[in-house]
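Sequence positions in the sequence shown follow our numbering and run 13 to 98.
Quick reminder that beta carbons are idealized off the backbone N, C-alpha and C, glycines included.
Accompanying notes for the structure given below.
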Amino acid sequence: MLGKPKLARYYDPGDLAEFVLWYRHFSEPVVLTETITQCRDPKDDYLLSLAISGRADWLVTGDDDLLVLNPFRGVTILRVADTTLA
Numbered sequence: 013m014l015g016k017p018k019l020a021r022y023y024d025p026g027d028l029a030e031f032v033l034w035y036r037h038f039s040e041p042v043v044l045t046e047t048i049t050q051c052r053d054p055k056d057d058y059l060l061s062l063a064i065s066g067r068a069d070w071l072v073t074g075d076d077d078l079l080v081l082n083p084f085r086g087v088t089i090l091r092v093a094d095t096t097l098a
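Here it is in structure tokens:
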């Protein structure tokens, strides 16, 4: 997903390998325990499935199809601008 041309404008390709190493250090794999089919854009259902299966507290996105579901089964869905990261 990070290799998509749409995202390439946000980072220097030379930094991608370093980011992936950093990301792996702070992440954990999620085993899907549930398949969600409730988003108005079916292509986004996998994010809801990951959030629920991974017992996420938040899902940070800019996608209005996900944002309209906030909160979703205990998961807060918000924009980056609504976090302390912005």
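Looking at Asp94, Ala68, Asp27 and Trp34, the one whose alpha-carbon comes closest to that of Val43 is Ala68. The DSSP-derived three-state label of Leu90 is strand. Proximity of the region 35-49 to the region 60-76 meets the contact definition, three or more beta-carbon pairs being nearer than 8 Å. In the three-state reduction of the DSSP assignment, Leu81 falls in the coil class, being assigned neither a helical nor a strand state. By the neighbour-count definition (other C-beta atoms within 10 Å, threshold 16), Phe38 is an exposed residue.
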